[in-house]
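Quick mapping for you: the protein sequence lines, in order, are chains D and R.
Per the working numbering, the very first residue in the first sequence carries number 4; after that it's consecutive.
Per the working numbering, the very first residue in the second sequence carries number 38; after that it's consecutive.
Note that beta-carbon positions come from the ideal geometry of N, C-alpha and C, so glycine has one too.
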Amino acid sequence: KPIATEEKDKLLLADKYLRRYYGMPAGLQGEGKASDLMHQKIREMQAFFRLEVTGKLDDNTLEVMEMARCGVPDVAE
Amino acid sequence: YNHFPRDLKWKNTNVTFRILNYTPDLKKADVDKAVRNAFNVWSKVTPLRFKKLYEGNADIMISFGAKEHGDFNPFDGPEGLLAHAYPPGNGIGGDTHFDEDETWTKDFHAFNLFLVAAHEFGHALGMAHSSDPGSLMYPVYSYGKGYPLSEDDIKGIQSLYGENTDHRKVKPKPDAPSKCDPELSFDAITELRGETIIFKDRFYWRLHPQMPEPEQTLIKNTWPELPNQVDAAYENPEKDIVIIFSGIRMWALNGYNLVDGYPKYIHKLGLPKTVRKIDAAVNIRDTGKTLLFVDEEYWSYDEEKGTMDSGYPRSLEQDFPGIGDEVDAVAYHYGYLYFYHDHMQFEYSYSSRKVMRIMRANSMLNC
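The following block contains the structure:
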């Protein structure tokens, strides 16, 4: 069943956020499904922001991803 | 706090900066002042000294630009990404860029240029992001008055450059309280539409039945109008409002919105003028009474009548034996009062009038 637009938007937001701030390599996402690496990066981001570490794009995680913030990555490269 | 890899920093403490262009959102003088004040934040606690250049190449080159602005690290239009800066080093090292698509301000409206500049200059001096939600180097924007560095920030920058040799006094913000600190005490506790809100310093934890992990947030991030310190709080489920007390003022919240007409003075409840602070408050859902605790005494307020009950204040110790003579916070669940004092929590049976259990205050934070 095709992924609903909203779901896809969330994935796109997370993909962009994790690439920009958590060093996730580009071009990993399969069609409409979060990769294992993405789950791992979500866990990294949740741990950094002291959110509940689920590896999933829950509401609290998305809420933080939508906040105005600094452009420097959270994981120092 | 975190540093960049290899603890990148400037080799000497005299650092130069230059402002290449200006945002039209503010007067040039306001931008100059915001930038100077932002550097002063760091020079107050270190030997670092910042010299402004008007031409040539400075260590920290400051500019405003939108979208792709010359460093292949594009901005993203309004909101979202506000600014970025590069770690100390030659060339682009130290350079700081602000997203011109944002609205830059000099007051509490988003986004305050001084605060964002102080954060970005932290990067330009060698600080990476901190995961302490109360620190200036926390990646998410939040507005706060007063000296912006927290103890966490100061430890970080001083471990790179040392302390300020002429010892000018600063009043840093305390670090965010740790929920599993064995000595943790609460400022206030209340329900809010099925969630439990616990106030401590400038923060609150939010406990939700489906969220095993409490979420810590700055009070002002959710309720900008509230003060940084809450003394007491309770929910009146009938009216669907939460009353917040701080000093001699009280606010009413309807969910996450402030009810018009507040803040009001606590004396409107019928408390004597000698009362300057309420330690704890709790609504007993079954009786419709709200108990207000002040030092060793407490009052009973009838929510329906909107008046204080006669025969108060009464002695806390006499009416609730076993919990001591002062409380920090009180909650009521299914016939049990939970008194919090220092790092202890007393479960008190309202019907049988005795203490049933004694636990650590933060046992409800999964600690």
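1. Beta strand (DSSP E) containing residue 89/R: first to last residue?
2. Residue 121/R and residue 56/D - do their beta-carbons sit closer together than 8 Å?
3. Just by C-beta distance, which residues in the stretch 145 to 171 of chain R are closer than 8 Å to chain D?
4. Please report whether the beta-carbon of residue 188/R lies at a distance below 8 Å from any beta-carbon of chain D.
5. For a test of the three-state rule: what should DSSP assign to residue 210/R, helix, strand or coil?
6. For chain D, check one thing: does any of its Cβ atoms lie closer than 8 Å to the Cβ of residue 178/R?
7. Any beta-carbon of chain R closer than 8 Å to the one on residue 71/D?
8. For the alpha helix (DSSP H) holding residue 196/R, just list the boundary residues, first then last.
9. Say yes only if the C-beta of residue 253/R is nearer than 7 Å to one or more non-hydrogen atoms of the ligand HEM, and no if none qualify.
10. Among the residues of its own chain, which have a CB less than 8 Å from the CB of residue 400/R, if the five just before and after it don't count?
11. Comparing the C-beta of residue 55/D with each C-beta of chain R, is any distance below 8 Å?
12. Nearest by alpha-carbon distance to residue 106/R: which of 155/R, 129/R, 95/R, 93/R is it?
13. What does the alpha-carbon distance come out to for the pair residue 170/R and residue 331/R?
14. Tell me, please, whether the stretch 154 to 166 of chain R touches the stretch 180 to 199 of chain R by the rule of three or more beta-carbon pairs shorter than 8 Å.
15. Just how far apart, CA to CA, sit residue 279/R and residue 23/D?
16. Verify whether the separation of the beta carbon atoms of residue 119/R and residue 71/D is less than 8 Å.
17. Can you check whether the CB of residue 216/R is closer than 8 Å to the CB of residue 242/R?
18. When you compare the CB of residue 12/D with every CB in chain R, is at least one pair closer than 8 Å?
19. What is the residue span of the alpha helix (DSSP H) that residue 79/R lies within?
20. If you run the structure through DSSP and keep just helix, strand and coil, what is residue 256/R?
21. Residue 249/R versus chain D: which residues are under 8 Å apart at the beta carbon?
22. My assumption, with CB atoms under 8 Å, is that residue 366/R sits in contact with residue 151/R. Please give the rounded CB distance.
23. Decide if the stretch 281 to 301 of chain R is in contact with the stretch 343 to 351 of chain R; the criterion is three or more beta carbon pairs, one per stretch, under 8 Å apart.
24. Could you tell me which residues DSSP puts in a beta bridge with residue 138/R?
25. What is the DSSP secondary structure of residue 40/R, counted as helix, strand or coil?
26. State yes or no: is the C-beta of residue 362/R within less than 8 Å of the C-beta of residue 333/R?
27. Who are the neighbours of residue 121/R on chain D, taking C-beta pairs under 7 Å?
28. Assess contact between the stretch 134 to 150 of chain R and the stretch 49 to 57 of chain R, defined as three or more Cβ pairs (one per stretch) separated by less than 8 Å. Is contact present?
29. Taking Cβ positions, are residue 398/R and residue 369/R nearer each other than 8 Å?
30. Relative to the C-alpha of residue 292/R, which candidate in 104/R, 319/R, 50/R, 233/R has its C-alpha closest?
31. Using a Cβ-Cβ cut-off of less than 8 Å, list which residues of the stretch 331 to 360 of chain R approach chain D; keep chain order.
32. Taking Cβ positions only, does residue 252/R come closer than 8 Å to chain D?
33. Residue 340/R to residue 61/D, Cα distance in whole Å?
So, to answer that:
1. 86 to 89
2. no
3. 147, 148, 153, 156, 157, 160, 165, 166, 168, 170
4. no
5. strand
6. yes
7. yes
8. 188 to 198
9. This structure lacks the ligand HEM, and indeed carries no ligand of any kind.
10. 382
11. yes
12. 129/R
13. 31 Å
14. yes
15. 39 Å
16. yes
17. yes
18. no
19. 65 to 80
20. helix
21. 55
22. Not really, about 35 Å apart at Cβ, beyond 8 Å.
23. no
24. According to DSSP, which records beta bridges pairwise, residue 138/R is partnered with nothing at all.
25. strand
26. yes
27. 73, 74, 75
28. no
29. no
30. 233/R
31. none
32. yes
33. 38 Å
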